[in-house]
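Counting in UniProt numbering, the first sequence runs from 1 upward without gaps.
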Amino acid sequence: MSWTDERVETLKRMWTEGQSASQIAKELGGVTRNAVIGKVHRLGLSNRTEEGEAAPEAPAAAAAPAAAAASAPEAPRHEPVAAKSAPEPEPEAEPAPVATFTPRRPIVPAGQPLPPQPSANEISPEALASVREVEKRARKLTLMELTERTCKWPIGDPATEKFWFCGLPSQAGKPYCEAHVGVAFQPMSARRDRRR
DNA sequence: CCCTGATTCGC
DNA sequence: GCGAATCAGG
C-alpha cells in the first residue's frame, strides 16, 4: 500500500477528528499504526491543536460530560445513596469517568446498546452475595487501567481514596464481570413479584 | 496487559 | 519517504 492522495486525505481527516493512530490504520487497511504515526509526523500534523489557536483548553471540568456523552446518552437518575455502608449498586449506572478521554469529537466506536433501565432496584439475594464475594477479590483498578475486558463496576466512594473499579474479567461485550452483570442487568422476571 | 503517541534509523 | 522496532507513558 502507498500513500495515495485519497489515503492521505483520510488520514488527515481522522487524525484531525482525534482518532487514534491504530483506529486510522484499521480504517485504511494495509498499514500499521506505526506507519500512520510516521506519516503523521512527516506531514507535520503531529500537533493536533488547530492552527493559530493558542488555547490548549484544560480538560478538567469536561471529563464527566464527555464520558456521559460517549457511553450513556441517557444517564440514569440516581437515587440518593441511603447508607454509606452499602454502596448500593445503581442499575447500570455508568461510572462517570469511564470513557477514555479523546480530543476533538472522536467518533466513538459505539458501545453496547444500553440495557433497559429498571426504575426499581431489586436484586436477588444470590446476586448480592455473589457481588460481595467478588468485590473482595476486585483487582482495584484505577481509571486508566480499565480496558474493554475489565469490569468497570465502581466500588467505594469516589470522593475518597477508597475508590476503585472492580477490574475482573468482563463478560464478552459487557462492561462488567459476571457478578456485576448480575446486578446491573436484571431480567424483568427477577423483579416481577417483588414489592418494596 | 491493554492501549496511546514519539522517535530512531535501516531501507 | 517509509515504517518496524523501540521508547515512554497512561
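From the three backbone atoms N, C-alpha and C, an ideal C-beta is built for every residue, glycine too.
Report yes if the CB atom of residue i is closer than 9 angstroms to the CB atom of residue j, and no otherwise.
i	j	result
Trp164	Lys140	yes
Ser22	Val36	yes
Met1	Gly38	no
I'd like to confirm the pairing. Which residues does DSSP put opposite residue i in its beta bridges?
i	result
Pro154	Phe165
Leu141	Phe165
What residues in its chain sit with their C-beta under 6 angstroms from that of residue i, if we drop five residues either side in the sequence?
i	result
Thr32	Ala25
Trp153	Cys166, Tyr176, His180
Lys174	Val181
Apply the 10 Å Cβ neighbour rule to residue i and answer buried if 16 or more other Cβ atoms are within range, or exposed otherwise.
i	result
Lys162	exposed
Thr160	exposed
Ala129	exposed
Asn4	In the sequence as displayed, the identity of residue 4 is Thr instead of Asn. Exposed: under 16 other Cβ atoms inside 10 Å.
Met144	exposed
Once you ignore the five residues that flank residue i on each side, which residues in its own chain have a CB closer than 8 angstroms to its CB?
i	result
Pro113	At Pro113, the pLDDT of 47 sits below 50, so the modelled position is not reliable; the number obtained from the coordinates is stated separately. So no residue of the chain qualifies.
Leu146	Val98, Lys152, Phe165, Gly167
Arg42	none
Gln171	Cys177, Glu178, Val181
Thr10	Ile24, Glu27, Leu28
Between which residues of its own chain and residue i is the CB-CB distance below 7 angstroms, once the five residues before and five after are set aside?
i	result
Thr142	Trp164
Arg7	Leu28
Arg149	Pro169, Ser170
For a test of your reading of the model: does the CB of residue i fall under 8 angstroms from any non-hydrogen atom of the ligand ATP? Yes or no.
i	result
Gly29	This structure simply doesn't include the ligand ATP, nor any ligand for that matter.
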